[in-house]
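Asker: Let me give you the structure first, and then I'll get to my questions.
Number of protein chains: 4
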Amino acid sequence: MPGTPPTRFVYLGPEGTFSEQALRTVPAAEHGTRTPARSVPEALDAVRSGEADAALVPLENSIGGAVGVTLDELAEGEPLVITREVILPVDFVLGARPGTTLASVRSVAAHPQASTQCRQWLRTYLPDAVVVDVLSNGAAATGAATGEYDAAICAPIGATRHRLAVLADKLGDHPDAVTRFALVSRPGPPPPPTGDDVTTLAVYIAHDRVGALLSVLMELAVRGVNLTRIESRPTGEALGRYVFVLDCTGHVADVRLGEALQGLRRVCADVRFLGSYPRHRWATSAAGDRPVPAPVGLSDSDYADAAAWLARLRRGE
Amino acid sequence: MPGTPPTRFVYLGPEGTFSEQALRTVPAAEHGTRTPARSVPEALDAVRSGEADAALVPLENSIGGAVGVTLDELAEGEPLVITREVILPVDFVLGARPGTTLASVRSVAAHPQASTQCRQWLRTYLPDAVVVDVLSNGAAATGAATGEYDAAICAPIGATRHRLAVLADKLGDHPDAVTRFALVSRPGPPPPPTGDDVTTLAVYIAHDRVGALLSVLMELAVRGVNLTRIESRPTGEALGRYVFVLDCTGHVADVRLGEALQGLRRVCADVRFLGSYPRHRWATSAAGDRPVPAPVGLSDSDYADAAAWLARLRRGE
Amino acid sequence: MPGTPPTRFVYLGPEGTFSEQALRTVPAAEHGTRTPARSVPEALDAVRSGEADAALVPLENSIGGAVGVTLDELAEGEPLVITREVILPVDFVLGARPGTTLASVRSVAAHPQASTQCRQWLRTYLPDAVVVDVLSNGAAATGAATGEYDAAICAPIGATRHRLAVLADKLGDHPDAVTRFALVSRPGPPPPPTGDDVTTLAVYIAHDRVGALLSVLMELAVRGVNLTRIESRPTGEALGRYVFVLDCTGHVADVRLGEALQGLRRVCADVRFLGSYPRHRWATSAAGDRPVPAPVGLSDSDYADAAAWLARLRRGE
Amino acid sequence: MPGTPPTRFVYLGPEGTFSEQALRTVPAAEHGTRTPARSVPEALDAVRSGEADAALVPLENSIGGAVGVTLDELAEGEPLVITREVILPVDFVLGARPGTTLASVRSVAAHPQASTQCRQWLRTYLPDAVVVDVLSNGAAATGAATGEYDAAICAPIGATRHRLAVLADKLGDHPDAVTRFALVSRPGPPPPPTGDDVTTLAVYIAHDRVGALLSVLMELAVRGVNLTRIESRPTGEALGRYVFVLDCTGHVADVRLGEALQGLRRVCADVRFLGSYPRHRWATSAAGDRPVPAPVGLSDSDYADAAAWLARLRRGE
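Chains as they are written, first to last, in our numbering: chain A, 3 to 319; chain B, 3 to 319; chain C, 3 to 319; chain D, 3 to 319.
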């Protein structure tokens, strides 16, 4: 039922990855069920089918970029909406069975993205260890727990879950690295505006129209809507055919964002609304990400004034 | 009373000019009173004070350009609105007292703009006549009627009124020359949309904002509103300070023009609505002046569809 | 010969008008001949034919707006260029034959624009006098000198020339009113850039292209060229067909203005260059008219850097 | 030495993947050495260090989207340029040791992206087989060759290399799926323009400037440069900080693209040129990807005309 808080949560598994850790920051999830899914599509399908109320999946990483499969799933298939974003520092740790010393580590299991992000640390502290690619951070922790490998690069929650000792933490070359996750539900009324919100859209443009992307940006700019992110995802039809996934500042309930949305709806081949939700502020937020007040002439009250003026004109007053 | 058809008309005099001739094309004026005014401000002040219901004044001429005083009066002072436009061919005739022959004409009275527009004809047919500047086409006809001058360049109605014989017609170098007049009333409900309407605006922009005029044009372009004319008129504050008088295609009751108007209201220092009224089609209308259908995505039904879609999004459907 | 300073000057007559007064502010004109012309076309034709080296004609007035005939003459016909602008305060005086007192004035000769601009003063000081329309400020002074009228509203130089006593000065309702004049020559090398220049253009756009005017403004905006004035002048072909006369900040020798000019040349039906010349600064210049430094990335050295970079790319360095 | 054709090639390994297959379509590579690299960074570093002359790496896939690591490597680090693009159909085959029948297949090794793209085929023909994730298409083929798995989803070249029998081909759900590869070299003169070229750029914008991305698109649009692709890649500084990787139509030697590049250089925080190279046309190219003639006014000859005109203006002719 719309309005009922979600109680059955699913997240991108396996257990012990950053996705589970991100889900634990959502208060409602502490009191609900939390089930790992084998993949992003599986997590989202669980929500679509009604098996789960909400899914926690990664959207983008400040080092690795967009998580294509999540964007593709949101842009295509049965519609879903984002109701919350979670920004989580990517704090890699080196986990090993209790008793292992750093000096004795000869093999390290790691997801390739994880080992790439910890290259500097590995060169410095484990120059002679063999790094073995595995398919997830959770799988790395499992491999260390079973003794298949001497150690694992994993999330703190992965070490905890598998009762690994943390031999070192903050392994990442970029100490400020974060991952942005989305909590996704079936369509329903969006959370109320907070004054500092994000709206995510999937926009399909007519490819035979020159300057079509420019006109999308103009629809936003004329209403003072700030575009904070744009991702191109292939539509699968042909090389060179993209759907654009946009993050804008503002909430669907804001007048100017509403007008911009209507403009996109009119000029684009298709627009899919992927949710309005509060911006997650975190310690190392970039300065440019501060909430931006509506530009001159574009606040809700400016809109109300202009609408009242137009109504007077139409009545001939 | 709003809605009551006007019965008391005033026009830019004196009698016997093109303004009177233009007023005679307005059906209601045939049954009402028609009073000449000495100047455009006087004509408009008669409407403002309630002495007259409507004034017929010139807006622009296809040869001489904008009639500055009319634009200035509409942009400043007590508000008025245009309810109708009249396009009239500028058909200059040579009038003289009956019995005069072309060969005997030695002096011709003419308003300087009239003699400029008939330069070719005068050189060909009256190369030796002295052309005397007078202050209006009506004054020229009067001068010929009183015998002060042998002939006058004037409007057909001027020859009729002063019982002058027409020695020659179609004197103008530009046979397609026309003047555009406006019928102006006190503010009231605009005439209903016809599908081929014009809206006139006076727009004040913030001069300390670089690109302010560009953003005005973008507000229109994003809504597919076509700008057919732009005139700069000095505000009188200082050299380089202008108010822009714009003609746009569309009616204030159209959704997209309404949205564009609201946009201008928000981004401009001030906007004055000067009326929505049917476009006057005439024989020699330029091809480009054909009624332009709303661009893709910008018809009223596209707007209605987009508004309904937004409402569904906001309700979470 | 190009480069030879002009010695034979012509100006919009008759003698004793503001045009003559403006010409007297041009140093070279003090040592040359100064001949009045009967009209703007006549003045410019004298330059075209080689009879005169330069003509001084009015461009616009801060109250009355553009002088259409000057713009039309510059945009059409044999090309000419502006080499200098002169801004002159419009200081109307009341001239009368010596011995006349203000109290005895019963009739005042005035050009209609002059009497309009002095309405307030006339109501206050000469509420009972008859104001008679004449065809120029110079003709008004002549009429007062011959005794046809008791007094004349005219330029200071008109009173001097006709030996009139000045009964009152600063008659204008707008004490800061100015007129802007152009000194016009046959095409030749423009005066050197000063860092605070104006460039005037006549731009013909394709009327069948929607948004053609917007694309003109974008060509300028992308190069950071500021548009200080835009005038629509009818081309005479048909109502709704205009040539736009633009004033831009900058000099044809500036890199970014050069690039913008090339852009206009490519996208417009036609562009006529009407001169680059130093901006005339005067006492009451509006604040916004201060010389504007080139926007970030658009100075000549930014252009030079970008051109050098491109050359390196093309050589594969 | 610049100009010397490359002879030592490296490609994203292992052997038997689509990258090797793509490299085999490059004529020069047939006569040179072809060495697999363990990763994209390793391949590109081999070129940077001079060990190899050129590297063949994937850029994007019509199903999976951009290959982030390639874009990141090109946008950061020691500069490299693309000299050629190769578009290769993604034709997955099912390889198994000779003698294996489809009915006997119980386990299939596949890279997760490969199994995702063959989901439909797997459901239909091997509904009961276990699909095991491995780290590359080449690793899958190896696993089938060693007997670790019964079969592998791999590239045709992978089956050939490991002497696998092809039990089925065209396994992909999207029969038109292609991957786009780049041949990358150290900076040098670009290949000559062909009239149908692509230019790739990495653009860094000032994040504190509202509408910065819009102004990038305007720099392109004003010069009629078509943007065919835009990818956002994180800069690693912070979430929300992106570098944009753009594909444009045209060649750095084209005048209008040169002017657009200079414009980007001036308005952006930084621009890195990543090469101009002939567009690869292939059988199923989308209609919209046809070579687009320069828009009216933007051909090289239009530019030459405008430059000559400007030069005449500056000389005063």
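For each residue, glycine too, the CB sits at the ideal point set by N, CA and C.
1. Going by other Cβ atoms of all chains shown within 10 Å of its Cβ, with 16 needed for buried, is Ser234(B) buried or exposed?
2. Could you check whether the Cβ of Ala116(D) sits closer than 7 angstroms to any heavy atom belonging to the ligand GTP?
3. Among the candidates Cys250(C), Ala308(C), Gly242(C), whose CA atom is the shortest distance from the CA of Arg274(D)?
4. State yes or no: is the beta carbon of Ile84(A) nearer than 8 angstroms to at least one beta carbon in chain D?
5. Any beta carbon from chain D within less than 8 angstroms of His176(A)'s own beta carbon?
6. Determine the chain B residues that contact Asp135(A) at a beta-carbon separation under 7 angstroms, and present them in chain order.
7. Starting from Ile89(B), follow its DSSP beta bridges and name the residues at the other end.
8. Just how far apart, CA to CA, sit Leu219(D) and Val205(D)?
9. At least one CB of chain B closer than 8 angstroms to the CB of Arg231(C): is that the case?
10. Mind pulling the chain D residues with CB within less than 8 angstroms of Glu221(C)?
11. Who are Pro60(D)'s beta bridge partners in DSSP?
12. Quick check on the burial criterion: 16 or more other C-beta atoms within 10 angstroms. Buried or exposed for Val168(A)?
13. Since Arg235(B) meets chain C, which of its residues come closer than 8 angstroms, beta carbon to beta carbon?
14. Is the shortest distance between the beta-carbon of Leu173(D) and the beta-carbons of chain C less than 8 angstroms?
15. For a contact meaning CB atoms closer than 8 angstroms, what does Arg182(C) contact in chain B?
16. Under DSSP, the alpha helix (DSSP H) around Ala31(C) begins and ends at which residues?
17. Ala214(D): which of Thr202(A), Ala157(A), Val227(A) sits nearest, CA to CA?
18. Roughly how many angstroms lie between the CA atoms of Pro16(A) and Ala306(C), to the nearest whole one?
19. What distance in whole Å lies between the Cβ atoms of Pro189(A) and Pro81(A), which are believed to be in contact at a cut-off of 8 angstroms?
20. Just verifying my parser: in three-state terms, what is the DSSP assignment at Ala54(C)?
21. Ends of the alpha helix (DSSP H) at Arg40(D)?
22. Per DSSP, what kind of secondary structure is Glu319(D) in: helix, strand or coil?
23. In its own chain, which residues sit with a C-beta less than 8 angstroms from the C-beta of Val254(B), not counting the 5 before and 5 after it?
24. State the DSSP-derived secondary structure class of Ala289(C), mapped to helix, strand or coil.
25. Hey, how far is the Cα of Pro91(C) from the Cα of Ala57(C)?
26. Verify whether the separation of the beta carbon atoms of Ala161(A) and Val95(A) is less than 8 angstroms.
27. Is Ile65(D) near Gln23(D), with beta carbons less than 8 angstroms apart?
28. Which word fits Glu75(B), buried or exposed, when buried means at least 16 other C-beta atoms lie within 10 angstroms of its C-beta?
29. Of the choices Asp55(C), Thr37(C), Val134(C), Thr251(C), whose alpha-carbon is the least far from that of Thr6(C)?
30. Closer than 9 angstroms by beta-carbon distance: list the chain C residues that pair up with Ile89(B), in chain order.
31. Checking contacts by CB at 8 angstroms: is Leu185(A) closer than that to chain D?
32. Cutting at 7 angstroms between CB atoms, please list the residues of its own chain near Leu300(B), excluding the five before and the five after it.
33. Let me know the secondary structure DSSP gives Thr35(D) once reduced to three states.
34. Using beta carbons (cut-off 8 angstroms, strictly below), is Gly70(B) in contact with chain C?
35. Does chain D have any CB closer than 8 angstroms to the CB of Ser64(A)?
36. Can you check which of these residues, Thr230(B), Ser217(B), Arg231(B), is closest to Leu229(C) by C-alpha distance?
Answerer: According to the structure data:
1. Of the residues assessed, Ser234(B) falls on the buried side of the cut-off, its CB having 16 or more other CB atoms within 10 angstroms.
2. You won't find the ligand GTP in this model; it holds no ligand whatsoever.
3. Ala308(C) is the residue among Cys250(C), Ala308(C), Gly242(C) whose C-alpha sits nearest the C-alpha of Arg274(D).
4. False, the Cβ-Cβ gap to chain D never drops below 8 angstroms.
5. Yes, His176(A) lies at the interface with chain D (some Cβ there is under 8 angstroms from its Cβ).
6. Per Cβ cutoff of 7 angstroms: no residues; Asp135(A) is ~43 angstroms from chain B at best.
7. DSSP lists Arg182(B) as partners of Ile89(B).
8. Answer to the nearest angstrom: the Cα atoms are 11 angstroms apart.
9. Closer than 8 angstroms to some Cβ of chain B, the Cβ of Arg231(C) qualifies, so yes.
10. Going along chain D in sequence order, the residues near Glu221(C) (Cβ under 8 angstroms) are Val224.
11. Per DSSP, Phe183(D).
12. Exposed, since its Cβ has fewer than 16 Cβ neighbours within 10 Å.
13. Gly67, listed in chain order.
14. Interface residue (Cβ-Cβ distance to chain C less than 8 angstroms): Leu173(D) is not classified as such.
15. By Cβ distance, chain B contributes Leu241.
16. Segment 29-32, the alpha helix (DSSP H) holding Ala31(C).
17. For Ala214(D), the nearest C-alpha among the options comes from Val227(A).
18. Here the C-alpha atom of Pro16(A) lies approximately 56 angstroms from the C-alpha atom of Ala306(C).
19. Correct: roughly 6 angstroms between the Cβ atoms.
20. The answer is coil: DSSP assigns Ala54(C) none of H, G, I, E or B.
21. Counted as a single uninterrupted DSSP element, the stretch harbouring Arg40(D) is not any alpha helix (DSSP H), since DSSP gives it neither H nor E.
22. Correct three-state label for Glu319(D): coil.
23. Counting only Cβ-Cβ distances below 8 angstroms, and skipping sequence neighbours, we find Pro192, Thr201, Gly260, Leu263, Phe275, Ser278.
24. Confidence is the limiting factor: at Ala289(C) the pLDDT is only 46, short of 50, which leaves the residue's position unreliable and the question unanswerable from this model.
25. Taking the straight line from one Cα to the other gives about 20 angstroms.
26. Judged by beta-carbon spacing, Val95(A) lies within the 8 angstroms limit of Ala161(A), meaning their Cβ atoms are closer than that value.
27. Remark: C-beta atoms of Ile65(D) and Gln23(D) do not approach each other more closely than 8 angstroms.
28. Counting the other CB atoms within 10 Å of its CB gives Glu75(B) a total of 16 or more, which places it among the buried residues.
29. For Thr6(C), the nearest C-alpha among the options comes from Asp55(C).
30. Among the residues of chain C, those whose CB is under 9 angstroms from the CB of Ile89(B) are Leu241, following chain order.
31. It does not: the Cβ of Leu185(A) has no partner Cβ on chain D nearer than 8 angstroms.
32. Here the set comprises Arg225, Gly226, Arg258.
33. Strand at Thr35(D).
34. For Gly70(B), the nearest CB of chain C lies under 8 angstroms from its own CB, placing it at the interface with that chain.
35. Yes, contact with chain D.
36. Here the closest residue by C-alpha is Ser217(B).
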